[in-house]
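In this note's numbering, the protein residues as written are 212 to 1228.
A virtual CB, placed ideally from N, CA and C, is assigned to each residue, including glycine.
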Amino acid sequence: MAPAPLGVLEEQLLGCRSGLLSRFIFLAQTALLLLPSAGAGLCPALCSCRLPLLDCSRRKLAAPSWRALSSLLPPDTAILDLSHNRLSIWNISLESQTLQEVKMNYNELTEIPYFGEPTSNITLLSLIHNIIPEINAQALQFYPALESLDLSSNIISEIKTSSFPRMQLKYLNLSNNRITTLEAGCFDNLSSSLLVVKLNRNRISMIPPKIFKLPHLQFLELEHNNLTRVNKGWLYGLRMLQQLYVSQNAIERISPDAWEFCQRLSELDLSYNQLTHLDESAFVGLSLLERLNLGDNRVTHIADGVFRFLSNLQTLDLRNNEISWAIEDASEAFAGLTSLTKLILQGNQIKSITKKAFIGLESLEHLDLNNNAIMSIQENAFSQTHLKELILNTSSLLCDCHLKWLLQWLVDKNFQHSVNVSCAHPEWLAGQSILNVDLKDFVCDDFLKPQIRTHPETIDALRGMNVTLTCTAVSSSDSPMSTVWRKDSEILYDVDIENFVRYRQQAGEALEYTSILHLFNVNFTDEGKYQCIVTNHFGSNYSQKAKLTVNEMPSFLKTPMDLTIRTGAMARLECAAEGHPAPQISWQKDGGTDFPAARERRMHVMPEDDVFFIANVKIEDMGIYSCMARNIAGGLSANASLTVLETPSFIRPLEDKTVTRGETAVLQCIAGGSPAPRLNWTKDDGPLLVTERHFFAAANQLLIIVDAGLDDAGKYTCIMSNTLGTERGHIYLNVISSPNCDSSQSSIGHEDDGWTTVGIVIIVVVCCVVGTSLIWVIVIYHMRRKNEDYSITNTEELNLPADIPSYLSSQGTLSEPQEGYSNSEAGSHQQLMPPTNGYLHKGSDGGTSTRVICSDCYDNANIYSRTREYCPYTYIAEEDILDQTLSSLMVQMPKETYLAYPPQDTAALESLISSVNREPSAFPTNHDRINEKKLSSTQLSSETLERPLWTINRELGLPHPPFSQQPAHESPQLHQNEGQAGRDPDCSASPMSCHRLQDHAFDFSRTQNIQDGSEGT
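Written out as structure tokens, the structure is:
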């Protein structure tokens, strides 16, 4: 029997001896294990020393067995490997100045070990596959030089904000733990140095925003987690990231702006996720990306131009998805990939390849179409590429005339040895390799694959309408056809589709398949591009895309309200509308686009606030503002009235007047304000005593005093008031009695007549306001008819002073009715009437001799001279259009017209109006409208009116006019009288020629008294 081993004897001795002896033997055994082996110097007996590596791995010893290492560690040791042992705790202090790397993988450690003084020099610490439950910052603070920390395959469940002290760590591996929570700021203390982070195979389902604020990070792995979305929140701060691996997650969507903060990516792995859609903005910002892996997802939809941002992409892996339509439909899905050299499309259920499938892939060299049951490939499908390798295996090819080109192309490209392609149809070629088929056998006897005959049509519909889309396909095969409808390249499921099939005889027997898509009560969500796909056993065909646009008429959400504000304030009008497409809002003022506020840059439109502003509002901003909302479905408008209130003010400064006694004085008080101010006049701070010589015009803005006397001189106060206030102004009227005209020059024999003056003033104002209005003509004609029993006698024309401004024409003709006024029959204006008590005017001497009104007399001249001789007048009136017009309308009439006539008899006044209106230069618009007015009770024909003036006067029994008269026509000519030079000798000698008189209207001389005229009637 062999002797018992030494170990057995020792056990027997230990069992029968005291404990002291037992401990002695144990220490002796440990010392024996650690004795240096032959030729190993100071290397422990159970370790291998390949300096600088001290390999003590796979000894399966506990911590007490390694206590001797504290004193026996070789001095040049830089790497210590204690992996695959049974270390559960380590508190042994090593003595080494050179130790830099420690590996304690596959042990039973529960905390990060401490190695004593060498700890501060360690740069790499690997603790893979231990049972460490958490990261302790206090333990890591003894590793100031640590650059690489591997804690993978532990039982860490969370990373706290306090997990890491501030350190220069570059590599961190926390894969294969139980991490579910990443606290905000957990990596902040590593942000200055960290380059690589691995968090694979954890339980992370949500990453908080800004968790990776690591500006130097270049490599990030998050594979085998539960992430569902890629967004810029958790990618924030990764500006230097170059490689991102997020495969084997549950990612369903990529946010449009996901890559905003990591645009330096060169490699992106999104394989083995649940992506179904690649939206147009899925890869915006990744212009430096070189490798993209989208394999083994569920991609069914690739938006047009989704890859146009990947101009630097070289490898694209789309294996095992469902994107057959991207190849079968001529959608140019890969447009923009100008640098792509390798494309993997295996396992995508592709049945046909169109000639536009690979447009844009000019650099493509490797194409993998493996594991696709391809039935047809259109000619020139690969002409855009520079293929060097084609991987293709299919046994479903339809070997007809459309595939004849493929045989020769494979031979020319030398691909006949790298492909495995064979025919499935026709039946007599089934199973044969295409390389063995003779070219004459590629024939087209029928069309087995469906062909689209009726494509759906583009439709514009209003919201709420019902829409129908129709698609028809034919095939010579009896193989059943089926149809699916897509909207924006996405298959529609829960829709109302009507399908029916019929046989038809047209160039052979064919099966016609019709599919009708019904869309009821369409809404904006129904907008998109619709397409039908018809499929049978031999392949699929795609219809053209029909665009459905749903519109809605605009409707107002906010409408502008009527607004009343003061000048200088801010006007604010709101207007908002909804519709589809969103309506455009525009503004109009008074039906046009002329905005005074816009010209002066006082108008502001705030589209985002739906507000229209007018700053520093002025009177000219007042009007009707229209908010217009319009889209392609229609438009509508809403109106609001802007009323601007302004305190009364004087448009023109008040000017004192000086007139000669007997003249007509016109005092102007041109008022402005809103609402229009009401005007009143006072004299010498007391009430104004209105006589038959006082008249008001233009809403009391003109005070006309006929035959001014010395008593009329004084201070006249114009008081204007509205709801906002009152304004006063003073005019001093000075009446002088010294005449300037020589009595010997007044040989015409006319007298000034206040009534005629007033009539002329009223006609001028009315004609400026009414213009060519037919209503005014009717009113005048009606008044003539009422008074046709009266005749005109002793008619004379009167010139008014040229100080009635043109702008009064826009302010109405007369003020509200008071003494001397009555409403006109037209109802829209007011007519000047004399007071009902009658009026009898005599000259200053009490006589009734005629006087001439000097329209051209010098300043302060007595234009109502009693003499018959004419005195030239060189006064130039104020530069005003209406002032000049009124100056040209001055006519000479005797003033005795109304000596015996009652004021109510207006026929004479109307005849005067008629005669004045016959001059086109004065009233051009009424030239032809008043031709039928009577000059007297004797009817005048048109021929009579066309004869010279003195002929008309002679027939009427009137005196011959003592001066020449030029009718107002386009080309005025002077009608001379033989005896005129003798009767008017002063014209040639006068400083002013007589041509000023020739600009006047008709001049009718009258008999000396009204009784003569009455007898003529």
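Less than 8 Å separates the beta-carbon of L393 from that of I418. Contact holds between the segment 407-415 and the segment 383-393, because three or more Cβ pairs, one in each stretch, are under 8 Å apart. Here D737 carries a helix assignment [DSSP, helix/strand/coil].
The shortest C-alpha to C-alpha distance from K562 to any of E543, N582, L730, A546 is the one to N582. For K756, there is no enclosing alpha helix (DSSP H), as DSSP gives it neither H nor E. With fewer than 16 other beta carbons inside 10 angstroms of its own, N827 counts as exposed.
Where P807 is concerned, there is no enclosing beta strand (DSSP E), although the alpha helix (DSSP H) around it starts and stops at 807-810. Using a 10 angstroms sphere on the CB of A840, the tally of other CB atoms reaches 16 or more, which defines it as buried.
Here S259 has D266 as same chain residues with Cβ atoms under 6 Å from its own Cβ, once five neighbours each way along the sequence are excluded.
Where E789 is concerned, the enclosing beta strand (DSSP E) starts and stops at 787-791. Here C260 carries a strand assignment [DSSP, helix/strand/coil]. Inter-segment contact for the segment 439-454 and the segment 476-485 is present: three or more beta-carbon pairs are separated by less than 8 Å. By the Cβ criterion, the segment 842-852 is not in contact with the segment 808-817, since fewer than three pairs of Cβ atoms, one from each stretch, lie closer than 8 Å.
The continuous beta strand (DSSP E) containing S359 extends over residues 359-361. Apart from sequence neighbours up to five positions away, the residues of its chain that approach N384 with a beta-carbon distance below 6 Å are D361, S363, K409, ordered along the chain.
Judged by DSSP in its simplified three-state form, E831 adopts helix.
Contact annotation: the segment 645-661 does not touch the segment 598-605, with fewer than three C-beta pairs closer than 8 Å. From the listed residues H628, A461, T804, H427, the smallest Cα separation to L433 is found for A461. By the Cβ neighbour-count rule, N734 is exposed, with fewer than 16 other Cβ atoms within 10 Å of its own. With contacts defined by Cβ atoms closer than 8 Å, A289 and L310 form a contacting pair. Within the model, the alpha-carbon separation for H597 versus S574 is close to 6 Å. Shown here for A844: same chain residues with a beta carbon closer than 8 Å to its own, the five before and five after excluded, namely L673, N762, E763, M764, P765, G790, H791 in chain order. If the five residues before and after K443 are omitted, its C-beta is found closer than 8 Å to the C-beta atoms of S466, D468, A469, W470, E471, F472, all from its own chain and listed in chain order. The beta carbons of T875 and I916 sit closer together than 8 Å. Non-local beta-carbon contacts of Q557 in its own chain, meaning distances under 6 Å to residues more than five positions away in sequence, involve R530, D579, N581, N582 in chain order. Under the three-pair Cβ rule at 8 Å, the segment 727-744 does not count as touching the segment 634-647. Cβ-Cβ separation between L262 and P285: approximately 7 Å, consistent with a contact (criterion under 8 Å). Assigned with DSSP and collapsed to three states, S268 falls in coil, not helix or strand. Scanning L293, K868, C610 for the CA closest to the CA of L336 turns up L293.
For P818, the secondary structure class from DSSP, reduced to helix, strand or coil, is helix.
Approximately 6 Å separates the beta-carbon atoms of S331 and A356; this is inside 8 Å, confirming the contact. Under the three-state reduction of DSSP, I300 is assigned to coil, being neither helix nor strand. With a 10 Å radius around the Cβ and a threshold of 16 neighbouring Cβ atoms, S852 comes out exposed. Going by C-alpha positions, S587 is about 9 Å away from F749.
In the three-state reduction of the DSSP assignment, T565 falls in the coil class, being assigned neither a helical nor a strand state. Rounded to the nearest angstrom, the Cβ distance from L759 to V706 is 13 Å, too far for a contact under 8 Å.
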